[in-house]
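Undergrad: I have a structure I would like to understand better, so I am pasting it below and will then ask my questions one at a time.
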């Protein structure tokens, strides 16, 4: 379902679900168990963030834009 959603959103490369600071699902890699800080040291954050960074997992060094919305 997550892969289908990411594919329908043409401007989105991937979607990740995070709970308690851990990425538990990714539209690219499927089931995960990875601390979000390993993906992006500025996360998790208590407020929404828009972060320009570089990819360290899929297309190494390519620019990425991370949109973070914490759960409330």
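Numbering (my numbering), first residue to last: 111 to 182. For glycine and all other residues, C-beta sits at the position ideal for the given N, C-alpha and C. Model, not experiment: these values are computed from the prediction.
1) On the premise that residue 151 lies in contact with residue 164, defined as a C-beta separation below 8 Å, what is that separation, rounded to the nearest angstrom?
2) Under 7 Å Cβ to Cβ from residue 144, same chain only, skipping five residues before and after it: list those, please.
3) Going by alpha carbons, who is nearest to residue 124 out of 175, 180, 181 and 179?
TA: So, to answer that:
1) Contact flag wrong, Cβ pair sits at about 12 Å.
2) 132 and 133
3) 175
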